[in-house]
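Beneath this line is the structure, given in structure tokens, with notes to follow.
In this note's numbering, the protein residues as written are 550 to 705.
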């Protein structure tokens with residue numbers, strides 16, 4: 550028994566050494582992750598990231614957003630993975646149609662506005678110049694549903 554104990558202890562120490570040694574190697578070898586960001590950021594490119602970084606972190610590394618950036622459809626909390634390519638879109642410049650001066654044809658380009666509703670809009674504005682875009686709902690046939698569809702496309 551006295552001879553077996555030192556041999557057993559030796560094996561245990563050797564096993565412990567190899568087990569700890571392999572963990573040290575894993576700790577020393579850090580995996581590198583990279584992601585690319587393009588579009589409306591100040592410095593587009595490929596950046597090294599940590600495994601737990603978010604889109605907000607990547608945008609920060611890219612020098613922040615440009616003035617034209619449109620992040621309404623993006624989640625800043627989204628996790629970024631190795632080899633991701635993120636494109637930050639630009640704000641679309643939507644040409645708004647003036648309900649106080651648009652022609653019949655221009656008004657008819659709005660969703661849900663046909664010829665008869667366009668005529669009613671023109672008749673209404675000839676009698677009462679629109680003071681707000683919400684006032685458009687005073688025109689017969691234009692309710693909240695149609696207004697919701699076109700409100701981002703109209704102006705006074």
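We treat Cβ as the ideally placed atom computed from N, Cα and C, and that holds for glycine.
State the CB to CB distance for the pair residue i and residue j, rounded to an integer number of angstroms; the pair is presumed to be in contact (CB under 8 angstroms).
| i | j | result |
| --- | --- | --- |
| residue 593 | residue 618 | The Cβ separation is near 12 angstroms, so there is no contact. |
| residue 644 | residue 699 | No, residue 644 and residue 699 are not in contact; Cβ-Cβ is about 13 angstroms, not under 8 angstroms. |
| residue 635 | residue 586 | 5 angstroms |
| residue 690 | residue 666 | 5 angstroms |
| residue 702 | residue 629 | The pair is not a contact, with the Cβ atoms about 34 angstroms apart (cut-off 8 angstroms). |
Can the beta-carbon of residue i be found closer than 8 angstroms to that of residue j?
| i | j | result |
| --- | --- | --- |
| residue 638 | residue 602 | no |
| residue 583 | residue 605 | no |
| residue 591 | residue 613 | yes |
| residue 682 | residue 705 | yes |
| residue 653 | residue 671 | yes |
Looking only at its own chain, which residues have a Cβ that is under 6 angstroms from the Cβ of residue i, when we skip the five neighbours before and after it?
| i | result |
| --- | --- |
| residue 673 | 688 |
Might you give, ordered along the chain, the residues of its own chain that have their beta carbon closer than 7 angstroms to the beta carbon of residue i, omitting 5 neighbours on each side?
| i | result |
| --- | --- |
| residue 640 | 617, 619 |
| residue 625 | 603, 604, 605 |
| residue 607 | 584, 586, 596, 598, 629, 635 |
In chain order, what residues of the same chain have a beta carbon less than 8 angstroms from the beta carbon of residue i, not counting five sequence neighbours either side?
| i | result |
| --- | --- |
| residue 663 | 657 |
Next item on the list: Enumerate, from N- to C-terminal direction, the unbroken beta strand (DSSP E) stretches of 3 or more residues contained entirely within the region 608 to 689.
Entry: 634 to 637
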